[in-house]
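**Student:** The following block contains the structure, expressed as structure tokens.
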């Protein structure tokens with residue numbers, strides 16, 4: 088399959104300070120654009136990669152090794168060389184988007200400001216160089232699209248799978264299908280005042296995005312329409328099958344009611360930006376916006392509450408790679424999902440029947456148990472050598488009910504956990520052995536101090552062993568406190584992640600190169616573990632993030648700072 092030459096989303100994360108908004112997005116078709124990512128000024132992005140400390144570190148220690156691993160393969164090397172050649176020609180805007188191609192399939196499109204010196208022959212030469220590096224025969228066909236000179240591109244063995252490119256007034260248009268390119272050319276010729284940029288949801292998001300140099304946008308309506316169309320097509324197929332086998336109708340599951348229950352049409356957009364603050368710290372912002380509180384949106388709004396309270400239970404003094412606390416209720420989320428299931432299919436009534444049976448035979452009221460989980464949750468991830476350990480903690484309103492359920496539910500499921508009594512008199516811990524794991528790495532659950540603790544046994548034992556002396560060090564680290572000061576007050580969640588520790592731990596968990604079981608078409612990644620072999624001290628960067636729940640929007644902001 089032909090690859091669009093300038094797919095450089097991996098380096099697009101290096102955007103920078105605000106620039107005036109431009110308008111390539113107006114060429115994208117309204118109602119048919121699923122998502123886009125855009126850089127307003129490519130020259131400024133290159134400067135940012137060279138001068139910003141975090142961007143330079145990320146490019147040198149993370150991105151470049153990944154690219155080098157892929158460049159071991161001739162086909163991948165040709166792709167990256169073509170990518171670099173084209174990107175170097177971009178001086179201003181560049182936009183990548185996924186749109187409907189008019190034939191029921193998505194197409195990747197690109198619009199770039201390459202300047203007056205970039206011609207169709209330039210694009211053809213890049214294609215020839217890519218083909219040569221890959222050892223394939225280039226297929227280049229001159230054509231016209233709506234009176235505009237263009238070229239169809241492919242490789243020898245994929246001659247029927249052609250992309251298209253056109254250049255109009257220094258703007259480079261490319262698409263993975265010719266029919267998609269036709270839409271772009273038509274929009275460019277007429278100015279397309281009715282394009283994506285004219286839609287109300289996009290205009291609201293664009294106003295919030297402001298002058299960010301790098302940003303992305305996903306259109307809720309276009310995605311919802313595509314999801315419904317897919318569901319309807321599947322239901323037609325199911326109906327045809329049931330016409331031949333009517334006896335299967337009782338247990339048939341139709342897709343459209345499931346989609347309708349999740350109500351994707353209630354979501355207006357998902358957008359995000361990346362830039363730097365006045366001190367040069369990388370800053371990201373994103374938001375999920377909606378128009379109605381139902382379906383998936385209701386699941387979000389029903390399970391979150393404003394308010395952040397740092398936990399005081401004990402945590403390890405070393406190896407912590409991330410911590411998070413939120414006004415989140417796992418119980419409320421499950422009850423909301425339960426309600427969605429009821430509206431999705433009559434077969435969900437079997438779940439209600441099972442819950443009622445559970446209440447009658449075991450004395451456990453599952454909905455009441457879920458309702459008893461409070462709006463306070465926290466988590467912690469720890470790397471010890473090559474092992475990742477995790478802990479999840481949820482507030483509970485009724486400890487007695489939670490403890491009773493902890494005893495009865497495993498028994499009802501035929502599971503016999505080991506009960507451990509901590510030496511300091513803390514509540515009992517239920518330990519569930521994991522095959523192939525040491526006893527200390529077993530999964531454990533405990534109820535203590537108004538909280539439900541779940542996770543690695545050693546972390547659960549430490550947490551329920553007694554409150555820490557005030558807030559644990561992980562929650563009072565200098566980098567977390569510094570990041571908090573750079574973010575607005577309030578919120579419904581707060582998190583801190585040590586990037587170097589996380590990357591290093593993940594690398595160690597992969598092991599040696601011969602243990603890496605990844606298979607990418609046209610790419611040799613066997614050397615990736617060796618190329619990414621660095622310690623946490625080599626990448627002392629942390630991300631501090633917060634979220635806020637508004638009336639019709641869930642917003643998140645993050646800042647990247649050095650670990651102190």
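Residue numbers (my numbering): 88 to 651.
For glycine and all other residues, C-beta sits at the position ideal for the given N, C-alpha and C.
#1: Measuring only the C-alpha atoms, how far is residue 117 from residue 253?
#2: If you count every other CB in all the chains shown that lies within 10 Å of the CB of residue 650, and 16 or more means buried, which is it?
#3: Please classify residue 387: does DSSP put it in a helix, a strand, or coil?
#4: Based on the DSSP secondary-structure assignment, which residues constitute the bridge partners of residue 362?
#5: Using a Cβ-Cβ cutoff of less than 8 Å, which residues in the same chain neighbour residue 232 once the five nearest sequence positions on both sides are dropped?
#6: Quick one: what's got a C-beta closer than 6 Å to residue 407's C-beta in the same chain, skipping five residues either side?
#7: Quick check: the stretch 385-403 against the stretch 458-477, are there 3 or more CB pairs under 8 Å?
#8: DSSP on residue 223, reduced to helix/strand/coil?
#9: Please determine, among 462, 563, 370, the residue with the shortest C-alpha to C-alpha distance to residue 648.
#10: Have a look at the DSSP bridge pairing and note the partners of residue 517.
#11: Taking a contact to mean a Cβ-Cβ separation below 8 Å, would you say residue 475 touches residue 592 in this structure?
#12: Can at least three beta-carbon pairs, one atom from the stretch 491-509 and one from the stretch 451-469, be found at a separation below 8 Å?
#13: Going by the beta-carbon positions, is the gap between residue 184 and residue 286 smaller than 8 Å?
#14: With 16 other CB atoms within 10 Å as the buried threshold, where does residue 438 fall?
#15: How big is the Cα-Cα spacing for residue 541 and residue 550?
#16: Leaving out five residues on either side along the sequence, give the residues of the same chain with a beta carbon under 8 Å from the beta carbon of residue 278.
#17: Using alpha carbons as the reference points, say which of 221, 372, 110 lies closest to residue 181.
#18: Taking 7 Å as the cut-off, is the beta-carbon of residue 627 closer than that to any non-hydrogen atom of the ligand GTP?
#19: Note down the Cα distance separating residue 218 from residue 317, rounded to an integer number of angstroms.
#20: Of the residues 130, 573, 328, which one's Cα is nearest the Cα of residue 368?
#21: Tell me the residue span of the alpha helix (DSSP H) that contains residue 307.
#22: Enumerated in chain order, which unbroken segments of the beta strand (DSSP E) with a length of 3 residues or greater are wholly contained in the stretch 181-225?
#23: Check whether the stretch 380-396 and the stretch 415-424 are in contact - that is, three or more C-beta pairs closer than 8 Å.
#24: Indicate the three-state DSSP secondary structure (helix, strand or coil) for residue 563 in the structure shown.
#25: Would you call the stretch 328-345 and the stretch 353-362 touching, i.e. three or more CB-CB distances under 8 Å?
#26: Check whether the stretch 371-383 touches the stretch 145-155, taking contact to mean three or more Cβ pairs, one atom from each stretch, closer than 8 Å.
#27: Which two residues bound the contiguous beta strand (DSSP E) that contains residue 468?
#28: Rounded to the nearest angstrom, how far is the Cβ of residue 296 from that of residue 360, given a contact under 8 Å?
#29: Contact defined as beta carbons within less than 8 Å: I believe residue 502 pairs with residue 547. What is the distance between those atoms, to the nearest angstrom?
#30: For residue 505, I'd like the list of residues in its chain whose CB is within less than 6 Å of its CB, leaving aside the five on either flank, ordered along the chain.
#31: Could you tell me the alpha carbon to alpha carbon distance between residue 580 and residue 482, rounded to whole angstroms?
#32: Hey, how far is the Cα of residue 186 from the Cα of residue 589?
#33: Taking DSSP as the reference, what is the three-state secondary structure of residue 608?
#34: Taking the alpha helix (DSSP H) that residue 293 belongs to, which residues open and close that run?
#35: Using DSSP's beta-bridge definition, name the partner residues of residue 585.
#36: Residue 397 to residue 565, Cα distance in whole Å?
**Tutor:** Let's see:
#1: Whole-angstrom Cα-Cα distance: 21 Å.
#2: Buried, because 16 or more other Cβ atoms sit within 10 Å of the Cβ of residue 650.
#3: In the three-state reduction of the DSSP assignment, residue 387 falls in the helix class, which pools H, G and I.
#4: BP columns for residue 362 point to 370.
#5: Setting aside the 5 residues that flank it on each side, residue 232 is surrounded in the same chain by 251, 253, 265, 268, 269, 272, each with a C-beta closer than 8 Å to its C-beta; the list follows chain order.
#6: When the five nearest sequence neighbours on each side are left out, the beta carbons in the same chain lying within less than 6 Å of the beta carbon of residue 407 are those of 469, 561, in order along the chain.
#7: Contact between the stretch 385-403 and the stretch 458-477 is present, with at least three C-beta pairs closer than 8 Å.
#8: Of the three classes helix, strand and coil, the one that applies to residue 223 here is coil, per DSSP.
#9: It is 370 whose Cα lies nearest to the Cα of residue 648.
#10: When beta bridges are read from the DSSP output, residue 517 appears opposite 506, 532.
#11: A Cβ-Cβ contact shorter than 8 Å links residue 475 with residue 592.
#12: Verdict: yes, contact present.
#13: The Cβ-Cβ distance between residue 184 and residue 286 does not fall below 8 Å.
#14: Exposed.
#15: A direct Cα-to-Cα measurement between residue 541 and residue 550 gives close to 10 Å.
#16: Answer for residue 278: 113, listed in chain order.
#17: Nearest C-alpha to residue 181: 110.
#18: The ligand GTP is not part of this structure, which contains no ligands at all.
#19: Rounded to the nearest whole angstrom, the C-alpha separation of residue 218 and residue 317 is 35 Å.
#20: With distances taken between Cα atoms, residue 368 lies closest to 573.
#21: Taken as a continuous stretch (DSSP letters only), the alpha helix (DSSP H) holding residue 307 covers 307-331.
#22: Contiguous beta strand (DSSP E) elements confined to the stretch 181-225 occur at 181-187, 193-200, taking only those with 3 or more residues.
#23: The stretch 380-396 vs the stretch 415-424: in contact.
#24: In this structure, DSSP gives residue 563 a helical state, which the three-state scheme calls helix.
#25: With the cut-off at 8 Å, the stretch 328-345 and the stretch 353-362 do not touch.
#26: Judged by pairs of C-beta atoms under 8 Å, the stretch 371-383 does not touch the stretch 145-155, as fewer than three such pairs exist.
#27: Note, residue 468: beta strand (DSSP E), 460-471.
#28: Correct: roughly 6 Å between the Cβ atoms.
#29: In fact, because the Cβ distance is near 17 Å, the residues do not count as touching under 8 Å.
#30: 518.
#31: Rounded to whole angstroms, residue 580 to residue 482 spans 15 Å at the Cα level.
#32: Using only the alpha carbons, I get a separation of about 35 Å.
#33: In this prediction, residue 608 has a pLDDT of 49, which is less than 50 and means its spatial position is unreliable; what the coordinates show is noted afterwards. If DSSP states are grouped into helix, strand and coil, residue 608 belongs with coil.
#34: DSSP places residue 293 inside the alpha helix (DSSP H), whose first and last residues are 287-296.
#35: Its beta-bridge partners are 629.
#36: When the Cα atoms are used, residue 397 and residue 565 turn out to be separated by approximately 15 Å.
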